[in-house]
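A.B. asks: Let me give you the structure first, and then I'll get to my questions.
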Amino acid sequence: MNLETAAQVGEALGGIAILLTMLFGLRQVVEWNQTRRNEITQRIAEHLGTTLVQRAMGVIANDLDEEFTQEEVLALSREQKNSINAILVGLNSHAIMTFQGHLTLEILSAYYQPYLTILEKRIRKLAKLLNSLWLDSTENQTNSLVGPFDWVIWLLDRIEEQPSETSPVYELHKDWKA
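Here you go:
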């Protein structure tokens with residue numbers, strides 16, 4: 001083999017090595033993104049399982065009717081208010097993660113749609129009420145037009161646009177195999 005042929009073979013092998021390295025790197029990025037999504041999905045499940053969020057669902061479903069007033073919300077105990085804040089902050093965070101592309105709306109809808117069939121109107125009303133209280137407060141030094149729970153409303157709108165299940169999930173997916 002002459003020197004020129006050896007150089008061409010070396011160049012070709014170097015190019016192949018670079019391509020393989022790029023493919024391996026791309027595969028790692030895809031796996032990293034999937035791992036990240038799995039971790040975020042796990043956080044949703046953990047969030048929904050916390051005592052505060054469970055308490056908030058109970059407070060919103062049982063202690064506030066659909067026509068609740070600002071006075072009724074303000075009259076809730078500190079523990080009840082904290083639990084409502086926990087669910088709203090969680091929804092807000094999930095909305096931002098969805099908007100930024102870290103979380104899919106399909107996954108979020110699968111977790112939240114069953115609860116929102118009962119709680120959506122009340123959660124929406126709570127988010128709007130707390131937004132207006134914040135925007136009208138003296139603590140709003142910048143006269144911001146953005147409420148702390150605007151993302152909750154955005155998320156509720158997006159989940160509402162998603163198709164809902166047509167029959168119980170256990171029936172729809174009875175033939176599912178892992």
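Residue numbers for the sequence shown follow this note's numbering, beginning at 1 and rising by one. Here a beta-carbon is modelled for each residue, glycine too, at the ideal position from N, C-alpha and C. Predicted, not measured: the structure shown is a model, and the values here were computed from it.
Out of 22, 78, 97, 87, which has the shortest C-alpha to C-alpha gap to residue 52?
C.D. replies: Taking the sequence shown and counting its residues from 1, the one referred to as residue 52 is at position 52. The residue with the shortest Cα to Cα distance from residue 52 is 87.
A.B. asks: What does a CB cutoff of less than 8 Å around residue 164 pick up in its chain, not counting 5 residues either side in sequence?
C.D. replies: Position 164 of the sequence shown holds residue 164. Cβ within range, chain order: 113, 117.
A.B. asks: Could you tell me if residue 149 is buried or exposed, where buried requires 16 or more neighbouring beta carbons within 10 angstroms of its beta carbon?
C.D. replies: Counting from 1 along the sequence shown, the entry for residue 149 is found at position 149. Residue 149 comes out buried.
A.B. asks: Run the CB neighbour count on residue 1, radius 10 Å, all protein chains shown included, and call it buried at 16 or more, exposed below.
C.D. replies: The sequence position of residue 1 within the sequence shown is 1, counting from 1. Answer is exposed; the Cβ neighbour count stays below 16.
A.B. asks: I need the straight-line Cα distance from residue 121 to residue 34, nearest angstrom please.
C.D. replies: Stepping through the sequence shown from its first residue, residue 121 is reached at position 121. Stepping through the sequence shown from its first residue, residue 34 is reached at position 34. Roughly 33 Å separates the two Cα atoms.
A.B. asks: If I'm right that residue 95 touches residue 26 with Cβ under 8 Å, what's the distance once you round it to whole angstroms?
C.D. replies: Taking the sequence shown and counting its residues from 1, one reaches residue 95 at position 95. Taking the sequence shown and counting its residues from 1, one reaches residue 26 at position 26. Wrong, their Cβ atoms sit about 30 Å apart, outside the cutoff.
A.B. asks: Could you give the residue range of the alpha helix (DSSP H) that holds residue 10?
C.D. replies: The residue you call residue 10 lines up with position 10 of the sequence shown. Where residue 10 is concerned, the enclosing alpha helix (DSSP H) stretches over 3-49.
A.B. asks: With distance defined between alpha-carbon atoms, name the residue in 124, 41, 39, 56 nearest to residue 160.
C.D. replies: Reading the sequence shown from its first residue, position 160 is the one you call residue 160. Checking every option, the nearest Cα to that of residue 160 belongs to 124.
A.B. asks: Assess, as a yes-or-no matter, whether the segment 13-27 is touched by the segment 73-80 under the definition of 3 or more beta carbon pairs within less than 8 Å.
C.D. replies: Result no; under three Cβ-Cβ pairs closer than 8 Å.
A.B. asks: Give me the Cβ distance between residue 128 and residue 153, rounded to the nearest whole Å; I'm assuming they're in contact under 8 Å.
C.D. replies: Here residue 128 refers to the residue found at position 128 of the sequence shown. Here residue 153 refers to the residue found at position 153 of the sequence shown. Going by Cβ atoms, the distance from residue 128 to residue 153 rounds to 7 Å, so yes, they are a contact pair.
A.B. asks: Taking the alpha helix (DSSP H) that residue 102 belongs to, which residues open and close that run?
C.D. replies: Indexing the sequence shown from 1 puts residue 102 at position 102. It is not in any alpha helix (DSSP H) - residue 102 carries neither H nor E in the DSSP assignment.
A.B. asks: Out of curiosity, what's the CA-to-CA distance linking residue 146 and residue 100?
C.D. replies: Taking the first residue of the sequence shown as position 1, residue 146 is located at position 146. Taking the first residue of the sequence shown as position 1, residue 100 is located at position 100. Using only the alpha carbons, I get a separation of about 18 Å.
A.B. asks: Please state if the CB of residue 84 and the CB of residue 135 are separated by a distance shorter than 8 Å.
C.D. replies: Along the sequence shown, read from residue 1 onward, the residue named residue 135 stands at position 135. Along the sequence shown, read from residue 1 onward, the residue named residue 84 stands at position 84. No, they are not a contact pair.
A.B. asks: So residue 119 and residue 61 are supposed to be a Cβ contact under 8 Å. How far apart are they, rounded?
C.D. replies: Here residue 119 corresponds to residue number 119 of the sequence shown, with the count starting at 1. Here residue 61 corresponds to residue number 61 of the sequence shown, with the count starting at 1. Sure, about 6 Å apart at Cβ, within 8 Å.
A.B. asks: Skipping 5 residues on each side, what residues in its chain have a beta carbon closer than 8 Å to that of residue 59?
C.D. replies: In the sequence shown, counting from the first residue as 1, residue 59 sits at position 59. Hits under 8 Å: 76, 80, 83, 84.
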